Amino acid sequence: MMERSAAEALLLALEARDQETFQHSARVAELCVGCAVKMGMSSDEQDDLRLAALLHDIGKIGLPDRVLHKSGKLTRNERQLVTHHPEMSVSILTPLRTLSRVSEIILQHHEKFDGTGYPRGIRAEEILIESRILALADSYDALSSMRPYRGPLRVASSVAWIKSQVGRQFCPVAALAFLDMVETAPHSNFCPPRAQVFPGEERVVPQLRTGCEI
Ligand SMILES: [Fe+2]
Numbered sequence: 022m023m024e025r026s027a028a029e030a031l032l033l034a035l036e037a038r039d040q041e042t043f044q045h046s047a048r049v050a051e052l053c054v055g056c057a058v059k060m061g062m063s064s065d066e067q068d069d070l071r072l073a074a075l076l077h078d079i080g081k082i083g084l085p086d087r088v089l090h091k092s093g094k095l096t097r098n099e100r101q102l103v104t105h106h107p108e109m110s111v112s113i114l115t116p117l118r119t120l121s122r123v124s125e126i127i128l129q130h131h132e133k134f135d136g137t138g139y140p141r142g143i144r145a146e147e148i149l150i151e152s153r154i155l156a157l158a159d160s161y162d163a164l165s166s167m168r169p170y171r172g173p174l175r176v177a178s179s180v181a182w183i184k185s186q187v188g189r190q191f192c193p194v195a196a197l198a199f200l201d202m203v204e205t206a207p208h209s210n211f212c213p214p215r216a217q218v219f220p221g222e223e224r225v226v227p228q229l230r231t232g233c234e235i
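Listed below in structure tokens is the structure:
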């Protein structure tokens, strides 16, 4: 319980440092839980996946502003810095020993089904099912969000792209459930109520309540 509160404090730090990543993480968490429900995962599994999704990019708070907020193309060195964020996230969470499963899910969220991901290049069932779901939700939300060089993609275009990556980037079983969920209840541009992200709303510092109306 204590460690869940510490995780919530980390989330507030993320919100203070980088609104965009915080809001992305909140949407990704909603998508992950929706998919986990479709797949019949237990409520404990759903809880771990939700927390992993909320904190999956916490390691990005360690990136310098010029990289974190860069709107143009990243240089090779900058990209290398960014690709260390799963490990950085895990090292931030290391003292929270009861969250070891959550940390492992986070560590694997950029692994790809065909083994071409990072940091370890593991493949298929070697990747935790929660991480395979998180990878789908992460990509889907990135596609449905505004980018400096393009507007948000429509649901049909995001779905088509995900379908083209099934068996390559994404797990076929998780993708089936995920796409079924998205097509029946599109979450594009979905912004979850803040109370869902922070159930202990009264404890939240007022000046942190900026950005999307949650
Ligand atoms: Fe990430």
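235 is the number that the working numbering gives the last residue of the sequence shown; the numbers go up by one with no jumps. Built from N, CA and C at the ideal position, the CB exists for glycine as well. Values in this document were obtained by computation on a predicted structure and should not be read as measured data.
Assuming the contact rule is C-beta atoms closer than 8 Å, residue i and residue j should be a hit. Round their C-beta distance to whole Å, please.
i	j	result
Ile127	Ser112	So it is not a contact: roughly 11 Å between Cβ atoms.
Leu10	Ser165	Limits of the chain in this structure are 22 at one end and 235 at the other, which puts residue 10 out of reach.
Glu24	Leu120	6 Å
Arg239	Asp69	In the structure as shown, the chain starts at 22 and stops at 235, and residue 239 therefore has no counterpart that could be examined.
Val49	Asp162	5 Å
With a 10 Å radius around its C-beta and 16 neighbouring C-beta atoms as the bar for buried, classify residue i as buried or exposed.
i	result
Ser63	exposed
Gly138	buried
Pro107	buried
Ala73	buried
Leu32	buried
Gln58	Going by the sequence as given, residue 58 is Val instead of Gln. When all chains shown are included, Val58 counts as exposed.
Ala47	buried
Met202	buried
Thr42	buried
Glu204	exposed
Arg168	exposed
Ser178	exposed
Ala181	exposed
Report the rounded CA-to-CA distance for residue i versus residue j, giving the unit in angstroms.
i	j	result
Leu84	Leu117	22 Å
Glu99	Gly93	11 Å
Ser26	Pro140	28 Å
Leu35	Glu146	31 Å
Gln190	Gly142	12 Å
Thr104	Pro193	25 Å
Leu114	Ser124	7 Å
Arg71	Phe134	21 Å
Gln67	Ala206	19 Å
Glu151	Gly136	16 Å
Met22	Tyr170	42 Å
Ala158	Leu52	6 Å
Gly172	Gly188	27 Å
Asp77	Ile154	Per the sequence shown, the amino acid found at residue 77 is His instead of Asp. His77 and Ile154: Cα-Cα distance of roughly 12 Å.
Gln10	Leu95	Only positions 22 to 235 of the chain appear in the structure, and residue 10 is not among them; the question remains open.
Ala156	Arg97	23 Å
Val176	Ile79	27 Å
Asp65	Leu75	15 Å
If you drop the 5 nearest sequence neighbours on each side, which residues of the same chain put their C-beta closer than 6 Å to that of residue i?
i	result
Leu149	Ile126 and Gln129
Ala198	Cys56, Lys59 and Met60
Ser186	The displayed chain sequence assigns Gln, not Ser, to residue 186. Nothing listed; no residue qualifies.
Just to confirm my understanding: we take residue i, look at its own chain, exclude 5 residues before and 5 after, and list those with CB closer than 8 Å. What are they?
i	result
Lys184	Ala196 and Leu200
Arg144	Glu132, Lys133, Phe134, Asp135 and Gly136
Lys91	Glu99
What does a CB cutoff of less than 7 Å around residue i pick up in its chain, not counting 5 residues either side in sequence?
i	result
Leu102	Leu84 and Val88
Lys81	Asp39, Thr42, Leu89 and His106
Task: Below 7 Å from a heavy atom of ligand 1 - residues by beta-carbon - done: Every residue passing the under-7 Å Cβ criterion appears here: His77, Asp78, His106, Pro107, His130, His131 and Asp159.
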